[in-house]
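S.K.: Heads up: the protein sequence lines correspond to chains A and B, in order.
The opening residue of the first sequence carries number 0 in numbering that gives the first Met the number 0; numbering runs sequentially from there.
The opening residue of the second sequence carries number 0 in numbering that gives the first Met the number 0; numbering runs sequentially from there.
Sharing a structure below in structure tokens format, with a few things to ask.
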Amino acid sequence: MTKGLIIAVTVWLKVIRKKDVYVLLILLSALLSWLTTMNIFGLGGTTRYVSDTGLLLAWFLAWILAVNVSARELPEEENRGTIFSLLAKPITRAELIIGKWLGAWTVVCTANAVFYLAIWAIVAVKSGYIDPSAMIQGFVLHCFALAIITAIGIAFSTRMNFDAAATISFVFTGASLLLLPRIPEFAVKEKGLRAVVMSLIYHGLPHFDILDMRQRIVHDYGPVDVSTMAALVIYAMLLTVFFLVIAWLAYRKKLFSRSELM
Amino acid sequence: MAGIIAVLWICVFTLSCVIYTNSLAEQSRTGRSLSKELLYAGKIALSAHFYDKADTYFHKGVEHIKKRTFENSIFSSFHDIIHPQKHRHLEGKSIDEIMPWLRMATQADSHHVEAYLVAAFWLASEGNRIDLAHTVLTEARINNPNNYEIRLAQARLYLRQGLESEAMRETEAGLRLWPGYNDPNSRDIKLDKASLLFYQALLLEKRGHIPEAILAFRQILDIFPERTHIKNRIRELEEYGQASLLPSNLLDVSLSNDMAHGKKSCRRDGHNHHDHDHAE
Chain A
0 MTKGLIIAVT
10 VWLKVIRKKD
20 VYVLLILLSA
30 LLSWLTTMNI
40 FGLGGTTRYV
50 SDTGLLLAWF
60 LAWILAVNVS
70 ARELPEEENR
80 GTIFSLLAKP
90 ITRAELIIGK
100 WLGAWTVVCT
110 ANAVFYLAIW
120 AIVAVKSGYI
130 DPSAMIQGFV
140 LHCFALAIIT
150 AIGIAFSTRM
160 NFDAAATISF
170 VFTGASLLLL
180 PRIPEFAVKE
190 KGLRAVVMSL
200 IYHGLPHFDI
210 LDMRQRIVHD
220 YGPVDVSTMA
230 ALVIYAMLLT
240 VFFLVIAWLA
250 YRKKLFSRSE
260 LM
Chain B
0 MAGIIAVLWI
10 CVFTLSCVIY
20 TNSLAEQSRT
30 GRSLSKELLY
40 AGKIALSAHF
50 YDKADTYFHK
60 GVEHIKKRTF
70 ENSIFSSFHD
80 IIHPQKHRHL
90 EGKSIDEIMP
100 WLRMATQADS
110 HHVEAYLVAA
120 FWLASEGNRI
130 DLAHTVLTEA
140 RINNPNNYEI
150 RLAQARLYLR
160 QGLESEAMRE
170 TEAGLRLWPG
180 YNDPNSRDIK
190 LDKASLLFYQ
200 ALLLEKRGHI
210 PEAILAFRQI
220 LDIFPERTHI
230 KNRIRELEEY
240 GQASLLPSNL
250 LDVSLSNDMA
260 HGKKSCRRDG
270 HNHHDHDHAE
């Protein structure tokens, strides 16, 4: 476990050096600040659109960050050749995968926390109100959604280079985020094989829509009950473990040839 | 490899030829280049999206409910818990929350008259800000000088304020501009003309211009011959020179009916107002 934590720390150090997070945070703050200065027919005091847009941006930016950070780690080690010195240490490949995932996930969650704080601060400056309990629940579920996304990024990166892994991860998670919630509407008119395929996609892909509390936060529906929250957290954890196991299965017997990598 | 590149090159060349020819044809039809046409279409789509967003906000974040499958799925159950589906409306001061999206809709497309009208309606009714509603409609009029609907909305506002001369001016302008680009046979468009005529007739009646008022009432009957209360009013005006119900009272009733109808109108299908909450 300690070895995994050490690897996670190295992921943190790399991300801090790359400054991606700062750029995204500045982008978010600039966009939200611009929104707050908008003249709304001479009216003041409306903040719901700010929190709505802010949360949408937080989901979008955290998604980009999660895929980029997670899909970059293993291919970068291989490209630089540092994978050999890493694997020469008394560390198992499972520990390497878990360490990389933990590092990527915690970095993205921290960035996400800063995004949420920025949204809360900007809404508070405009004298708006966001239900803190719903906001915290939304943040926690968002973090668990990011756990799945980073696990998917790691899983694809075990057998692909960074570009391919990032692209496939974006397509896979993007379809789950945007397309999956619409499948029940598309499938209404489908019959036979198409209906079966739609059903498989609907039940097989990760359901990020049930981890997305934006509507409840923005429109003041309040938090969900504890049992629902627990069920959703368990679902997200199971999916994360599933993708990490796939990553480990793909990586445990992978052969590295110095001449091919260097 | 060279073969694939050659095939791709031919495809790209053919596609660019088709696009160029179509763009020339479109340019000669609309007077706009392809890039401007795309930009215009993008602006309209963006404006429509913001308008839909305002509608979603009006329904407390609940999107249009469509027919779905997998209703018994566990994911569907969780989805419904996380995303409430009950039909609700914003009311009171909270209606202001739809304004940013209507503002964005009008900024994206200054010809989106419906967005202006909805904004002005709610500002004047629930928001109780007739001054801001006038500002919105003035902006709408500047951007859409030939639209009669804006004149009708402005006439209603002036009538609510008791500014009869201004209201008369707006009804006259509205009738001159009617039907604009709309289908004159559409029931909604005909209803708008009838409203303009009705307000004009009552204002004329109030000023004592009875023959002109009767003429305006008769024009309403030309559109909707089944309106017996108009027939009765014409008869009363012709026989006694005045109607039993004073024009000012009838105006008040008509304006409050319009207001109530506007508040209750909902773009969503299968909408039953006895079946849902109106949230504060």
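Ideal Cβ placement from N, Cα and C applies to all residues, glycine included.
Note that the structure is a prediction, hence the values are computed from the model and not measured.
Tell me whether the beta-carbon of T170(B) lies closer than 7 Å to the beta-carbon of Y198(B).
M.R.: yes
S.K.: Helix, strand or coil for H88(B) per DSSP?
M.R.: DSSP places H88(B) in strand when its eight states are reduced to three.
S.K.: What residues from the segment 121 to 142 of chain A come within 8 Å of chain B, judged by C-beta to C-beta, listed N to C?
M.R.: none
S.K.: When DSSP labels each residue in this structure, what does I64(B) get in the three-state scheme?
M.R.: Three-state DSSP puts I64(B) in coil, outside helix and strand.
S.K.: Would you mind giving the Cβ-Cβ distance between M197(A) and I182(A), rounded to the nearest angstrom? I have them listed as a contact below 8 Å.
M.R.: With a contact defined as Cβ atoms closer than 8 Å, M197(A) and I182(A) qualify at about 6 Å.
S.K.: Measure from the C-beta of R168(B) to each C-beta in chain A and report whether the shortest distance is under 7 Å.
M.R.: no
S.K.: Go ahead and pull the three-state DSSP assignment for E141(B).
M.R.: Looking at the sequence shown, residue 141(B) is not Glu but Ile. Helix.
S.K.: Between P246(B), K230(B), K42(B) and E204(B), which lies nearest to H111(B) when the distance is taken from Cα to Cα?
M.R.: K42(B)
S.K.: Quick check on the burial criterion: 16 or more other C-beta atoms within 10 angstroms. Buried or exposed for M98(B)?
M.R.: buried
S.K.: Since I believe A93(A) is in contact with T239(A) (beta carbons under 8 Å), could you give me their beta-carbon distance rounded to a whole number of angstroms?
M.R.: Actually they are not in contact, since the Cβ atoms of T239(A) and A93(A) sit about 14 Å apart, beyond 8 Å.
S.K.: Between the segment 201 to 215 of chain A and the segment 165 to 184 of chain A, are three or more C-beta pairs nearer than 8 Å?
M.R.: yes
S.K.: Does the Cβ of N127(B) have 16 or more other Cβ atoms within 10 Å, making it buried, or fewer, making it exposed?
M.R.: exposed
S.K.: Run the CB neighbour count on R232(B), radius 10 Å, all protein chains shown included, and call it buried at 16 or more, exposed below.
M.R.: buried
S.K.: Which chain A residues sit within Cβ distance under 7 Å of I60(B)?
M.R.: For clarity, residue 60(B) is Gly in the given sequence; the question names Ile instead. Ordered by position in chain A, the residues that pass the 7 Å Cβ test against G60(B) are Q214, V217 and H218.
S.K.: My assumption, with CB atoms under 8 Å, is that V107(A) sits in contact with L64(A). Please give the rounded CB distance.
M.R.: At roughly 5 Å, the Cβ-Cβ gap stays under 8 Å, so V107(A) and L64(A) are in contact.
S.K.: Output, in chain order, the set of chain A residues within a Cβ distance shorter than 8 Å of S75(B).
M.R.: P183
S.K.: Could you give the distance in angstroms between the alpha-carbon of D219(A) and the alpha-carbon of L116(A)?
M.R.: In this structure, the alpha-carbon of D219(A) lies about 18 Å from that of L116(A).
S.K.: Please list, in chain order, the residues of the segment 87 to 101 of chain B that have any C-beta partner in chain A closer than 7 Å.
M.R.: D95, E96, M98, P99 and W100
S.K.: Short of 8 Å Cβ to Cβ, which residues in the segment 89 to 121 of chain A face chain B?
M.R.: none
S.K.: Alpha carbon to alpha carbon, how far is P183(B) from L200(B)? Give it in angstroms, no decimals.
M.R.: A small correction: the amino acid at residue 200(B) is Ala; Leu does not occupy that position in the sequence shown. Taken atom to atom, the span from the alpha-carbon of A200(B) to that of P183(B) is near 21 Å.
S.K.: Would you kindly report the start and end of the unbroken alpha helix (DSSP H) that includes M212(A)?
M.R.: That residue, M212(A), is in no alpha helix (DSSP H); it is neither H nor E in DSSP.
S.K.: Could you list which residues in chain A have their beta carbon closer than 7 Å to that of T68(B), in chain order?
M.R.: Below the 7 Å Cβ cutoff, chain A contributes P183, A186 and V187 as neighbours of T68(B), in chain order.
S.K.: Would you say K65(B) faces chain A, with C-beta separation under 7 Å as the test?
M.R.: Residue contact with chain A for K65(B): present (Cβ-Cβ distance below 7 Å to some residue of chain A).
S.K.: Is I129(A) helix, strand or coil by DSSP?
M.R.: coil
S.K.: Let me know the secondary structure DSSP gives L245(B) once reduced to three states.
M.R.: coil
S.K.: Could you pull the DSSP bridge partners for I39(A) from this structure?
M.R.: L42(A)
S.K.: Out of A246(A), S126(A) and A249(A), point me to the one whose CA is closest to T45(A)'s CA.
M.R.: S126(A)
S.K.: So, with DSSP's three-state summary, where would you put N184(B)?
M.R.: coil
S.K.: Below 8 Å, how does it come out for the segment 88 to 106 of chain B and the segment 47 to 67 of chain B: are there three or more Cβ pairs, yes or no?
M.R.: yes
S.K.: Does the Cβ of C16(B) have 16 or more other Cβ atoms within 10 Å, making it buried, or fewer, making it exposed?
M.R.: exposed
S.K.: Can you round the beta-carbon distance between S50(A) and I118(A) to whole angstroms, since I take them to be within the 8 Å contact cut?
M.R.: Indeed, because the Cβ distance is near 6 Å, the residues count as touching under 8 Å.
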